[in-house]
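Scroll down for the structure; my scribbles are underneath it.
There are 2 protein chains.
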Amino acid sequence: MTIGEAAAATGVSAKMIRYYEEIGLVPAAGRTAAGYRVYGPHDVHTLRFVRRARDLGFAVDRIAALLALWRDRSRASADVRRLAVDQAALLRRRIDELQSMVRTLEHLAEHCHGDARPDCPILDDLAATAGECHAAPDARFGSTGRPHRPSPKEMP
Amino acid sequence: MTIGEAAAATGVSAKMIRYYEEIGLVPAAGRTAAGYRVYGPHDVHTLRFVRRARDLGFAVDRIAALLALWRDRSRASADVRRLAVDQAALLRRRIDELQSMVRTLEHLAEHCHGDARPDCPILDDLAATAGECHAAPDARFGSTGRPHRPSPKEMP
DNA sequence: GTAGGGCTTCCCATCATGGGAAGGTCAAGC
DNA sequence: GCTTGACCTTCCCATGATGGGAAGCCCTAC
Numbered sequence: 004m005t006i007g008e009a010a011a012a013t014g015v016s017a018k019m020i021r022y023y024e025e026i027g028l029v030p031a032a033g034r035t036a037a038g039y040r041v042y043g044p045h046d047v048h049t050l051r052f053v054r055r056a057r058d059l060g061f062a063v064d065r066i067a068a069l070l071a072l073w074r075d076r077s078r079a080s081a082d083v084r085r086l087a088v089d090q091a092a093l094l095r096r097r098i099d100e101l102q103s104m105v106r107t108l109e110h111l112a113e114h115c116h117g118d119a120r121p122d123c124p125i126l127d128d129l130a131a132t133a134g135e136c137h138a139a140p141d142a143r144f145g146s147t148g149r150p151h152r153p154s155p156k157e158m159p
Numbered sequence: 004m005t006i007g008e009a010a011a012a013t014g015v016s017a018k019m020i021r022y023y024e025e026i027g028l029v030p031a032a033g034r035t036a037a038g039y040r041v042y043g044p045h046d047v048h049t050l051r052f053v054r055r056a057r058d059l060g061f062a063v064d065r066i067a068a069l070l071a072l073w074r075d076r077s078r079a080s081a082d083v084r085r086l087a088v089d090q091a092a093l094l095r096r097r098i099d100e101l102q103s104m105v106r107t108l109e110h111l112a113e114h115c116h117g118d119a120r121p122d123c124p125i126l127d128d129l130a131a132t133a134g135e136c137h138a139a140p141d142a143r144f145g146s147t148g149r150p151h152r153p154s155p156k157e158m159p
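Those protein sequence lines, which keep their order, are chains A and B.
Here the first sequence stands for residues 4 to 159, where the numbers follow the numbering used here.
Here the second sequence stands for residues 4 to 159, where the numbers follow the numbering used here.
Written as C-alpha cells, this is what we have:
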C-alpha cells in the first residue's frame, strides 16, 4: 500500500501521515527501493486508531499515550479510562466557555432591533467603558454575565 | 499613555496591541520623538472594544467588521445583529461537535471498568476496524453515535 | 553617571493542517 | 522503447492568535 492508498483507507491525509511519522506518533513506515513509503494492514489499523482519537478531540500527545496503552498488553484499563474522562472534562470546559459566549451573544442580539437604525445594544455593550466616554459603569444588561475574561486560550 | 499602560488598562497584552496595529485591526498609534507608541483615551476605548469582541469569540476579521460598524454613525443595526447572530451560530456548531465527542467519550468511559485489567472498550472502540483484525463490522455499542467524521477542522 | 525597567524591532515557537515547488518513480498506452 | 500523467519524495511556507526572548535604545530615579 502506498501512502495515498493508506490515506484513502484511513481518512488521514498523506500530509498528516508523514507528519505523524515525523513527530514519532506512528512508527516510520517501510520503504520501497525507490524510497516510497509502504503500509501494511497493521499500519492502516494504527492510523485508523489515530484518526478516531483525533475525532474525539484528543491532542497528539494524548493520542501517543493512548497508542502506548493500546500496544501494552498488560495495561490497566483504569489508565485508559482516566485519559477518556480527562478528555471529556476538557471538552466540557470548552463547551462551557462557548456556551457562555453564546448566551451573551444571543441576549445581545435579542435586544437589538436589527433594522436600518444605527442604535445597537450590541455595539453599546462592546464599547462599554467603565465610565470613560459616556456610559455609567453599572450593570449594562443586568445579569447577562459576560464572563470577565473567559480565559485567554479559548479553544486549545 | 505608553503601550504597557494601555495594555494594563485594556487587558490586551502589549504584544497583541502591536500585532493588532500591524495587521491593521486598530490604527497605528502616535509616537513620541523617541519612537514610543502613545495611547489616548480613544485608543484605549478601541482596544477595550477589541478585547470584548475577542472575549465573545469573534475572529479578528469579524472584529474589524464590528469596528467599522461602530465607527459608522449611519450603520444599520441589522448589520451588527447579523454578525452577532452568525457568531452565535458558529459557536453553536462548535458546541455541537464538542458535545458529540463528549457523549461518545462518556459513554465509552461508562462501559470501561477502569481497574487493573487490560480489557477496555475505549481502546476497542478506537481500534475498531471494519472487519480487519478481529471485530465484526457491526454496531459496536449500538447507538453511541460516534459522528462519522465530525469535520476536519474541529475548533477553528 | 549609572542602574533598572520599559520601550523598540526582529525572529522563533506553538498546534495541526494544508499548499505548493522541484524533482524522482511507476504504470499504462502508443 | 518512449511518453504521459498520476503519484511519490523532500523542503519551505502559511494559517491564527498568542507568547518568549534577544539586542539595542530611552527615560527616570538615585
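Ideal Cβ positions, reconstructed from N, Cα and C, are used throughout, including at glycine.
- Interface with chain A (9 angstroms Cβ-Cβ cutoff): Gly33/B is excluded.
- In this chain, Thr5/B is not harboured by any alpha helix (DSSP H), its DSSP state being neither H nor E.
- What Ala56/A touches in chain B, judged by beta-carbon distance under 9 angstroms, is Leu129, going in chain order.
- The closest CA to that of Ala91/A, considering only Ala119/A, Ala32/A, Arg65/A, is found on Arg65/A.
- According to DSSP, residue pairing for Gly33/B in a beta bridge involves Val41/B.
- Sequence-distant Cβ neighbours of Thr5/B in its own chain, meaning closer than 8 angstroms and more than five residues away, are Tyr39, Arg40, Val41, Tyr42.
- The beta-carbon distance between Asp122/B and Ser80/A, rounded to whole angstroms, is 6 angstroms. This is short enough to meet the 8 angstroms contact definition.
- Interface criterion not met: the Cβ of Gly27/B is under 9 angstroms from no Cβ in chain A.
- Ranking Leu72/A, Asp58/A, Thr35/A by CA distance to the CA of Val105/B puts Asp58/A first.
- Using a CB distance below 8 angstroms, the part of the segment 111–126 of chain B facing chain A consists of Leu111, Ala112, Cys115, His116, Gly117, Asp118, Ala119, Arg120, Pro121, Asp122, Cys123, Ile125, Leu126, ordered along the chain.
- Per the C-alpha coordinates, the member of Ala87/A, Arg97/A, Val47/A positioned closest to Val15/A is Val47/A.
- His48/B sits in a helix when the DSSP states are folded into three classes.
- With distances taken between CA atoms, Ala87/B lies nearest to Leu108/A out of Leu108/A, Ala87/A, Asp89/A, Val88/A.
- In the displayed model, Arg78/B falls within coil according to three-state DSSP, outside both helix and strand.
- If you draw a straight line from the Cα of Arg78/A to the Cα of Tyr23/A, it comes to about 23 angstroms.
- Counting along the chain, the unbroken alpha helix (DSSP H) around Asp127/A starts and ends at 124–130.
- Ranked by Cα distance from Ala112/B, the first of Arg21/A, Val83/A, His116/A, Ala32/A is Val83/A.
- The DSSP-derived three-state label of Asp118/A is coil.
- Flagged as an interface residue toward chain B: Asp75/A, by a C-beta distance shorter than 9 angstroms.
- In this structure, the CA atom of Arg51/B is about 7 angstroms from the CA atom of Ala130/A.
- The C-beta distance from Gly27/A to Ala17/A rounds to 18 angstroms, too long to fall under 8 angstroms, and the pair is not in contact.
- C-alpha of Trp73/B to C-alpha of Gly117/B: approximately 54 angstroms in a straight line.
- Rounded to the nearest angstrom, the Cβ distance from Ile98/A to Ile98/B is 6 angstroms, consistent with a contact under 8 angstroms.
- Only residues of its own chain outside the window of five on either side were considered, and among them Cys123, Pro124, Ile125 have a CB closer than 6 angstroms to the CB of Cys115/A, listed in chain order.
- Of the other Cβ atoms in all chains shown, fewer than 16 fall within 10 Å of the Cβ of Gly33/B; this residue is therefore exposed.
- The continuous alpha helix (DSSP H) containing Ala17/B extends over residues 17–25.
- In this structure, the straight-line span from the alpha carbon of Arg76/B to that of Ala68/B is close to 14 angstroms.
- Interface residue (Cβ-Cβ distance to chain A less than 9 angstroms): Val41/B is not classified as such.
- Thr49/A sits close to Pro30/A, with the two beta carbons spaced by under 9 angstroms.
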